[in-house]
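Asker: Residue numbers (the numbering used here), protein chains in the order written: chain A, 5 to 118; chain B, 1270 to 1382. Beta carbons: idealized from backbone N, C-alpha and C, even for Gly. None of the values given here were measured: they were computed from a predicted structure. Below are the structure tokens for one structure; questions will follow.
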Amino acid sequence: DAGVIQSPRHEVTEMGQEVTLRCKPISGHNSLFWYRQTMMRGLELLIYFNNNVPIDDSGMPEDRFSAKMPNASFSTLKIQPSEPRDSAVYFCASSIRQGVNTIYFGEGSWLTVV
Amino acid sequence: GESVGLHLPTLSVQEGDNSIINCAYSNSASDYFIWYKQESGKGPQFIIDIRSNMDKRQGQRVTVLLNKTVKHLSLQIAATQPGDSAVYFCAENRPANNNDMRFGAGTRLTVKP
């Protein structure tokens, strides 16, 4: 079975550039989550969607970050403009139903902003 | 220079011994808990879950115990193997906070052969 699929797996970009991270959730899952993991702050929830609708984006650091879910099988997390402090691993995860079912994670997108 | 970051609790055990990893959660209304294992360079993987109406659940070589009185969760791994070396996270679902799932800082388990 295909799990949560993220791309790119690794990205190195220059400060000021736009970064787009992509995610395909597990088929049939109705909730999608974006997390960020750093040494300083651990695993943080950025935003999550239920049935393609953003429910809570209070974890999004600032206006430079935006996330969309145009359909049930695709989501993007965009950073524009990127800064060195955005360097982190960004995980996408999905679950059948938020709050009730297990969240399954992708392998992460490792972002380095120089 | 000195690196600054989360100082993960660490647990070092001998291969074959049992491991117990502990987690204190924050919200007495949390109703669902999950243990995840994260190996280096990979995403967190589901190990076992438990709902708040239970106090114990067993899987293959793993047992989760939930003590709601003191808001404490533990993961017991029987006959620990080198492949169990990883960072282990507990996560709690908080229904009063839009059902969001919050993760602990993690515990690094090292298994010595």
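Measure from the alpha carbon of S1295 (chain B) to the alpha carbon of each residue in B:V1380, B:R1377, B:E1361, then state which is nearest.
Answerer: The residue you call residue 1295 (chain B) lines up with position 26 of the second sequence. It is B:E1361.
Asker: Residues of chain A with CB under 8 angstroms from A1347 (chain B), in chain order?
Answerer: Working through the second sequence from its first residue, we reach residue 1347 (chain B) at position 78. Near A1347 (chain B) there are no residues of chain A at all, since even the closest Cβ is about 22 angstroms away, more than 8 angstroms.
Asker: Quick one: what's got a C-beta closer than 8 angstroms to V1331 (chain B)'s C-beta in the same chain, skipping five residues either side?
Answerer: As a working mapping, residue 1331 (chain B) is identified with position 62 in the second sequence. For V1331 (chain B), where only same-chain residues beyond five positions count, the Cβ hits under 8 angstroms are W1304, I1316, I1317, L1344, Q1345, I1346, A1347.
Asker: According to the neighbour-count rule (16 or more other Cβ atoms, all chains shown, within 10 Å of its Cβ), is D90 (chain A) buried or exposed?
Answerer: Here the question's residue 90 (chain A) lines up with position 86 in the first sequence. Buried is the call here.
Asker: In the DSSP assignment, find the beta strand (DSSP E) that holds N1291 (chain B) and state where it starts and stops.
Answerer: Residue 1291 (chain B) sits at position 22 when you count from the first residue of the second sequence. Element bounds for N1291 (chain B): 1288-1293.
Asker: Quick one: Cα of V1282 (chain B) to Cα of I107 (chain A), how far?
Answerer: Counting from 1 along the second sequence, the entry for residue 1282 (chain B) is found at position 13. Counting from 1 along the first sequence, the entry for residue 107 (chain A) is found at position 103. Cα to Cα, V1282 (chain B) sits roughly 29 angstroms from I107 (chain A).
Asker: Leaving out five residues before and five after D1369 (chain B) in sequence, what residues of the same chain have Cβ atoms less than 7 angstroms from its Cβ?
Answerer: As a first step, residue 1369 (chain B) must be located in the second sequence, where it is residue number 100. Hits under 7 angstroms: R1363.
Asker: Could you check which residue in B:G1375, B:N1291, B:K1311 has the C-alpha nearest to that of G110 (chain A)?
Answerer: Here residue 110 (chain A) refers to the residue found at position 106 when the first sequence is read from its first residue. Checking every option, the nearest Cα to that of G110 (chain A) belongs to B:K1311.
Asker: Only counting the same chain, and skipping five residues up and downstream in sequence, which positions put a Cβ closer than 6 angstroms to that of F53 (chain A)?
Answerer: Sequence index remark: in the first sequence, residue 53 (chain A) carries index 49 (1-based). Around F53 (chain A): L36, M73.
Asker: In the DSSP assignment, the beta strand (DSSP E) including D1369 (chain B) goes from what residue to what residue?
Answerer: In the second sequence, the residue the question calls residue 1369 (chain B) occupies position 100. Start and end: 1369-1372.
Asker: So which residues on chain B does T106 (chain A) lean against when the C-beta distance must stay under 7 angstroms?
Answerer: Residue mapping note: residue 106 (chain A) aligns to position 102 of the first sequence, counting from 1. Near T106 (chain A) (Cβ distances below 7 angstroms), the residues of chain B are I1303, F1315, D1318.
Asker: Name, in chain order, the residues that DSSP records as bridge partners for K1325 (chain B).
Answerer: On the second sequence, residue 1325 (chain B) is found 56 positions in, with the first residue counted as 1. DSSP output for K1325 (chain B) lists B:L1334 as bridge partner(s).
Asker: Using a beta-carbon distance below 7 angstroms, is L49 (chain A) in contact with chain B?
Answerer: As a working note, residue 49 (chain A) is residue 45 in the first sequence. Yes, because at least one Cβ of chain B sits closer than 7 angstroms to the Cβ of L49 (chain A).
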